[in-house]
Amino acid sequence: MKSIEPVIRERAYHIRQVWTDVDGVLTPQGTLAIYDVLYSGSHVAFESRDGLCVTRLVPCDEYGRPLSNSIEYFAGYPGAQIMEGYRFDTRDGMVVKYLVEAGVPVYFISGRDSPCVRARASALGAVPLLGARDKLAVMQEHATCSLDEILFIGDGIQDCDALRATGISVAPADAAPEAVLAAQGVTHAVGGSGVLSEVATYFMKARGMWPE
Ligand SMILES: [Mg+2]
Numbered sequence: 005m006k007s008i009e010p011v012i013r014e015r016a017y018h019i020r021q022v023w024t025d026v027d028g029v030l031t032p033q034g035t036l037a038i039y040d041v042l043y044s045g046s047h048v049a050f051e052s053r054d055g056l057c058v059t060r061l062v063p064c065d066e067y068g069r070p071l072s073n074s075i076e077y078f079a080g081y082p083g084a085q086i087m088e089g090y091r092f093d094t095r096d097g098m099v100v101k102y103l104v105e106a107g108v109p110v111y112f113i114s115g116r117d118s119p120c121v122r123a124r125a126s127a128l129g130a131v132p133l134l135g136a137r138d139k140l141a142v143m144q145e146h147a148t149c150s151l152d153e154i155l156f157i158g159d160g161i162q163d164c165d166a167l168r169a170t171g172i173s174v175a176p177a178d179a180a181p182e183a184v185l186a187a188q189g190v191t192h193a194v195g196g197s198g199v200l201s202e203v204a205t206y207f208m209k210a211r212g213m214w215p216e
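Under my numbering, think of the first position of the sequence shown as 5, with each following residue one higher.
Here it is, written out as structure tokens:
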């Protein structure tokens, strides 16, 4: 396994933006849930937020203590019959906020246009670039720095071009073998279990941004 920590330690000072794929990186592999609201919508209280119908759930024990580091989003576009459910890691959310506040923009780039991902990005201050079929092309269009100044995390075959083109490229431990080969290093964490948090921790320590 190629450790990503030494790569980040060596190159962190060149990085100006953090870009991450969503499915399989910020979420566990294969856990997207789709709900037909004709049957399930009445069971969950949705609120209107940023033009979306959204609710957020944190699984807790009987004393209200969170059971894990997860937060679950259920969201849909107004009037759509289909709602989606996504599970995110709260540790990833905290580092997104921290990076953005420290002046390092974070982009969520995904082939899917998911209302859950849009809502999550909005809550954290990340930039959502969704429905991105060709991630490298979207990156070239929207990045306000050179590709060499981007740290990118991706887990799929469709991420390989961007993984090869960016300054620091990372794959989660359970990424597709092609992505692992294309990336400069691999995290200990698997998708949806703190991949971004692990990467950001190395990054912030290397940059002297780590809160003591
Ligand atoms: Mg993916």
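Using N, Cα and C, we set each Cβ at its ideal position, and we do this for glycine too. Note that this is a predicted model, so its numbers are computed, not measured.
{"Check": "A87, DSSP secondary structure in three states", "Outcome": "Reading off the sequence shown, one finds Met at residue 87, where the question assumed Ala. Strand."}
{"Check": "V2 beta carbon near ligand 1 (any heavy atom closer than 7 Å)", "Outcome": "This structure cannot speak to residue 2, because the chain is shown only from 5 to 216."}
{"Check": "Burial state of R137 (16 or more Cβ within 10 Å)", "Outcome": "exposed"}
{"Check": "Residue from F156, P181, G160 and Q85 with nearest C-alpha to G34", "Outcome": "G160"}
{"Check": "Y111 - DSSP class collapsed to helix/strand/coil", "Outcome": "strand"}
{"Check": "Any non-hydrogen atom of ligand 1 closer than 7 Å to D25 Cβ", "Outcome": "yes"}
{"Check": "Boundaries (first-last residue) of the alpha helix (DSSP H) holding T31", "Outcome": "Neither: T31 is in no alpha helix (DSSP H) and is coded neither H nor E."}
{"Check": "Candidates S72, N73, G68 and Y81: closest to T59 by CA position", "Outcome": "Y81"}
{"Check": "Heavy atom of ligand 1 within 7 Å of A196 beta-carbon", "Outcome": "Reading off the sequence, residue 196 comes out as Gly, not Ala. No."}
{"Check": "Terminal residues of the alpha helix (DSSP H) in which A127 lies", "Outcome": "P119 to L128"}
{"Check": "Simplified DSSP state of S201, which is helix, strand or coil", "Outcome": "helix"}
{"Check": "beta-carbon D159 near ligand 1 non-hydrogen atom, thresh 7 Å", "Outcome": "yes"}
{"Check": "Any chain D beta carbon closer than 8 Å to V29", "Outcome": "In the structure shown, chain D does not exist; there is a single protein chain."}
{"Check": "Alpha-carbon to alpha-carbon, D25 and R91", "Outcome": "15 Å"}
{"Check": "Outcome for T170 when other beta-carbon atoms lying within 10 angstroms are tallied against a minimum of 16", "Outcome": "buried"}
{"Check": "Nonlocal neighbours in the same chain, by C-beta distance under 7 Å from A204, ignoring five residues either side", "Outcome": "V99 and L103"}
{"Check": "Three CB pairs or more closer than 8 Å across the region 58 to 77 and the region 131 to 148", "Outcome": "no"}
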